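Q: Residue numbers (our numbering): -18 to 43. Would you mind keeping the following structure in view while I ask a few things?
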Ligand code: F3S
């Protein structure tokens, strides 16, 4: 499961690193970005929750 954040859509709300800190962090532009190439084993649920919680639908999990 590969996480991605659309930098044009992210408004920097901060929900995803708060919900899934093992997968997302905020970058210097104030937007979220994945910190791993693949969601760590056992963190699929929180990654999914982060995607579902993003208010602008910027997160994808492939
Ligand atoms: Fe951005 Fe959505 Fe995360 S707006 S900070 S990608 S929850």
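Beta carbons: idealized from backbone N, C-alpha and C, even for Gly. Quick caveat, the model's predicted, so the values are computed rather than measured.
Determine the DSSP secondary structure at residue 7, reduced to helix, strand or coil.
A: strand
Q: Is it the case that the CB of residue 34 approaches a heavy atom of the ligand F3S more closely than 7 angstroms?
A: yes
Q: Give a yes or no on whether the C-beta atoms belonging to residue -14 and residue 19 are separated by under 8 angstroms.
A: no
Q: Classify residue 37 as buried or exposed, calling it buried when 16 or more other Cβ atoms lie within 10 Å of its own Cβ.
A: exposed
Q: Look up residue 2 in the DSSP assignment and say whether it is helix, strand or coil.
A: Coil at residue 2, not helix or strand.
Q: Find out if the Cβ-Cβ distance for the pair residue 42, residue 28 is shorter than 8 angstroms.
A: Contact: yes.
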